[in-house]
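Accompanying notes for the structure given below.
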Amino acid sequence: MNRKAFLQLMAIASSSAILGKNIAGCSAAKTQTETTIASTMPANNSFFMPDEAEPHLCTWMAFRASADIWGREYFAGVQDNLARIARAIARYEPVKMLVLEEDYDIAAAKCGSEVELIVSSLDDLWIRDTGCVFVVNEEGDKAAIDFNFNGWGNKQRHAKDAEVAAFVAQESGVPLFNTDIVCEGGGIEVDGRGTAIITESCVINSNRNPGWSKSDCEAELKALLGLRKIIWLPGIKGYDITDGHTDFYARFAGPGVVVAGYDPNPESFDHAVTKRHLEILQRATDADGNKLEVVVLEAPTSIRPGYESDDFAAGYINFYVINGAVIAPEFGDRNADRRAKETLAELFGDRDIVQINIDEIASGGGGIHCTTQQEPLV
C-alpha cells in the first residue's frame with residue numbers, strides 16, 4: 071500500500087470509533103488546557119517570526135517513516151533521505167533529530183555522529199508542520215508557538231505529532247504560546263519585516279478553523295507572528311494532504327524578493343493555481359509598500375524512472391535556507407536541476423547551493439523544507 075492509498079483509508083476511517091477517539095481526545099485536551107492568544111502572549115507583545123535566512127541556532131528534524139504510512143517500497147528510502155538531508159545540514163549548523171526509541175540505532179547509523187538524536191514520540195516526519203514555530207523580539211527573547219497540528223484537517227493519525235510542538239519548545243527551553251487557530255508551518259512564509267505569504271486553502275478551511283472568517287484568521291496570525299501585512303494566495307483544497315501549503319508555491323529570498331513556483335504543464339491541477347499565484351504576487355506589495363520582485367522557478371519536465379505518480383512533489387521551491395547554504399532537491403532532469411541551482415545561486419549569492427536526491431520523500435508529496443524546522447539564534 072502506498073502513502074496515498076493509506077491516507078485515503080485513514081480519511082474513511084476518521085468516522086470510526088478508534089480514530090474518532092484519538093481525535094476527540096486530542097481536541098478535548100486542547101480545549102481544557104489551552105487558551106487564546108490574548109492570554110498567553112504578553113499584552114505588549116513584540117515577538118515576530120524572523121526570516122528563515124537569519125542565523126539559526128539549529129535545525130530540528132524527525133526521523134520517522136512507518137511502513138503502514140509510506141508503504142514497504144518507500145519507507146527505508148525515506149529514512150535514507152532524512153539522513154541525507156540531516157547530514158547535508160550538519161555540515162553548516164547543528165541538527166537535532168527526534169527519533170523513536172526503537173529507531174535510535176538505525177537513525178544513528180544512517181545520520182552519523184554529527185546529528186544529535188533525541189528520543190520522542192512521533193507519528194510521521196513532517197516537523198515543519200508538527201513542530202513549533204519560533205518567534206523572537208528585539209530584546210533577544212525567544213518563544214515558540216503551538217499551532218495545534220490536527221493532521222492537516224484530520225486526514226492522518228496525529229495524536230503523537232500533536233504533542234511535538236510542546237516537546238520541542240520544552241527541549242529548547244523557551245516559553246510556549248498557545249492559540250485557538252489551527253495552522254502548519256508549511257503554510258506560512260515570512261520576510262521577517264512584517265510581511266507574510268499564506269495560502270487561504272490551508273488556513274481558511276473548515277477542516278482546520280470552522281467558523282473562522284478570513285479577517286479572524288488574519289488578525290490572529292498578525293498578532294502571533296508580528297505581521298503588518300498578509301499576502302493571501304488562494305492555494306487549492308483537496309488535491310494534496312496539506313490543501314496547498316505556501317512553501318510549495320512561494321518563498322521569500324530577501325526583502326521584497328519572492329521565488330514563485332510555476333507548473334507549465336497545462337494538464338496539471340497546479341498549472342492554473344500557480345499561474346494565478348504569479349498574477350497575484352506580481353501585483354503585490356510588501357508591508358512597506360514596495361512592489362515585489364518575483365523570480366519564477368519552474369518545475370522539472372522529467373523525474374527519475376520509477377517515481378512517476380500524481381503524488382510526486384517535483385518542484386524546487388521547497389528548498390531550505392540554513393547558515394551558509396541552501397539545501398535544495400535535484401530530480402535527475404539535468405537542465406532543470408542546473409537552472410534551479412543557478413537561480414538559487416543568484417538569489418543567495420553568499421551561500422553554497424547543495425542539491426540532494428530526495429525522491430522517496432518527494433513520492434509522498436513533500437520536500438526538504440517540509441522535513442525541517444529552524445530554531446533562530448538570538
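Residue 448, in my numbering, is where the sequence shown stops; the numbers in between run on with no holes.
Using N, Cα and C, we set each Cβ at its ideal position, and we do this for glycine too.
As assigned by DSSP and simplified to three states, the class of residue i
i      : result
Thr441 : helix
Cys128 : strand
Tyr319 : coil
Ala384 : coil
Ala214 : strand
Glu209 : coil
Leu195 : coil
Ile176 : helix
Gln102 : Residue placement at Gln102 is poorly supported in this model, since its pLDDT is 30, which falls under 50; the coordinates are not used for a value here.
Val203 : strand
Glu430 : helix
Residue i - containing beta strand (DSSP E), residue span
i      : result
Trp140 : No beta strand (DSSP E) contains Trp140, which is instead part of the alpha helix (DSSP H) from 137-140.
Asp422 : 422-427
Ile397 : 395-400
Tyr390 : 390-392
Leu187 : 185-189
Ala266 : 265-269
Val448 : Taken as a continuous stretch (DSSP letters only), Val448 belongs to no beta strand (DSSP E), as it is neither H nor E.
Met167 : 165-169
Cβ-based burial, residue i [other Cβ within 10 Å; buried from 16]
i      : result
Pro334 : exposed
Ala266 : buried
Thr101 : At Thr101 the pLDDT is 34, less than 50, meaning the model places this residue with poor confidence and gives no usable figure here.
Ala99  : Only weak support exists for where Ala99 lies, its pLDDT of 33 falling under 50; the coordinates are left without a value.
Gln149 : buried
Thr105 : Here Thr105 scores only 37 on pLDDT, less than 50, and its place in the model is too uncertain to base an answer on.
Asn248 : buried
Glu349 : exposed
Glu261 : Note on residue identity: the sequence assigns Asp, not Glu, to residue 261. Asp261 is buried by the Cβ-count criterion.
Asp310 : buried
Asn151 : buried
Ser283 : exposed
Arg321 : buried
Glu259 : buried
Asp138 : exposed
Ser183 : exposed
Beta-carbon contacts of residue i that lie in its chain and below 7 angstroms, excluding the five residues immediately before and after
i      : result
Leu414 : Phe389, Val396, Ala398, Ile423
Phe237 : Ser190
Asn277 : Gly223, Asn224
Glu163 : His126, Cys128, Thr129, Ile392, Asn393
Cys287 : Ile251, Val273, Ile274, Asn279
Gly147 : Glu430
Gln425 : Ala398, Pro399, Glu400, Asp407, Lys411
Glu337 : none
Ala178 : Leu187
Sequence-distant residues of its chain with Cβ nearer than 8 angstroms to residue i (five each side left out)
i      : result
Arg409 : Glu368
Ala384 : Ala369, Pro370, Ile373, Phe401, Ala432
Lys361 : Gly326, Ala354, Thr355
Gln352 : Leu362, Val364
Lys292 : Arg298, Ile300
Tyr174 : Leu187, Val189
Lys91  : Bear in mind that the predicted position of Lys91 carries a pLDDT of just 28, short of 50, making it unreliable; the figure below should be weighed with that in mind. Taken in chain order, the list of residues that qualify is empty.
Arg134 : Leu168, Val169, Leu170, Asp173, Leu192, Asp193, Asp194, Leu195
Arg157 : Cys181, Gly182, Glu184, Val185
Residue span of the alpha helix (DSSP H) that contains residue i, given as start and end
i      : result
Ile159 : 145-160
Leu417 : 404-417
Same chain, Cβ closer than 6 angstroms to residue i, five either side skipped, listed in chain order
i      : result
Val234 : Thr200, Gly201
Ala357 : Gly264, Thr265, Arg298, Lys299
Ala214 : Cys202, Phe204, Ala239, Val244, Leu246
Ala132 : Leu168, Leu192, Leu195, Ile197
Asp407 : Glu400
Phe217 : Cys253
Ile306 : Ser271, Gly314, Val343
Arg227 : Asp193
Asn207 : Ser116, Phe117
Val329 : Arg321, Ala323, Val365, Leu367
Gly359 : none
Residue-chain proximity (residue i, chain C), Cβ-Cβ < 8 angstroms
i      : result
Val329 : This model lacks chain C altogether; it includes just one protein chain.
I'd like the ranges of any alpha helix (DSSP H) spanning at least 4 consecutive residues and lying wholly in the segment 218-263. 221-224, 234-242
*asked:* Just to confirm the assignment: which complete beta strand (DSSP E) runs, minimum length 3, are found wholly within the segment 283-366?
replied: 299-303, 320-322, 327-332
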